[in-house]
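As numbered in the numbering used here, residues -16 to 138 make up the sequence shown, in order.
Note that CB positions come from ideal geometry on N, CA and C, so glycine has one too.
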Amino acid sequence: MMKILLSNDDGFDAPGLKVLFESLQDIAEVFVVAPEVNKSGAGCSITTNKPMYSSVHDNGFVSVNGTPADCVYLGIHELAPWIPDILVSGINLGANMGEDLLYSGTVGAALEAKNLSYPSIAISAAAFHQPGSKDFMEPNLSYCCLCRQRPHSEL
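As structure tokens, this is what we get:
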């Protein structure tokens, strides 16, 4: 079964992360490492000015007192119980378009995984109405399956 590391920039308790987690469980083992607080706009930044710690929550999600890129790095190298096949970041609360991509923590998490040689996908919703059903996720799940089938290709 595919192994997915899931992160975001809106924080471990964000509604979009919960919907994505529930949807991805249908196709993979999923491990969540996300910021303990909203880190929107963090881009690809990493924490260099303080010690970092992680916390495990009642739902099994792990939070880190750092940026989305920190979460991905620690998830891959320290926290996940296995080596992930892919990193999925999102669902971002709002659009990430144009210049926004340079500042997006959602995209920053995906880029950190790519820099570590892992396939990744960042998911944002331009008209975000707090998706409450798995129907919202169907196209994204298909893309995750395609990444699993072709992990070293540029899609």
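Report task. Report buried or exposed for S38, applying the criterion of at least 16 other Cβ atoms within 10 angstroms of its Cβ. Result -> By the Cβ neighbour-count rule, S38 is exposed, with fewer than 16 other Cβ atoms within 10 Å of its own.
Report task. Drop a sphere of 10 angstroms on the beta-carbon of I59, count the other beta-carbons inside from all chains shown, and report buried for 16 or more, exposed for fewer. Result -> buried
**Report entry** Every unbroken alpha helix (DSSP H) inside the stretch 30 to 105 [4 residues or more]
**Finding:** List check, alpha helix (DSSP H) in window: 51 to 57, 88 to 98.
Query raised in the report: Helix, strand or coil for E5 per DSSP?
Result: helix
**Report entry** Residue from V15, M(-15), A(-3) whose Cα sits closest to the Cα of S107
**Finding:** A(-3)
Query raised in the report: Since E186 contacts F(-5) with CB under 8 Å, what's their CB separation in whole angstroms?
Result: The chain is shown only over -16 to 138; residue 186 falls outside these bounds and no answer can be derived.
**Report entry** Supposed close pair N79, S72 - CB separation, criterion 8 Å
**Finding:** That pair is no contact at about 10 Å.
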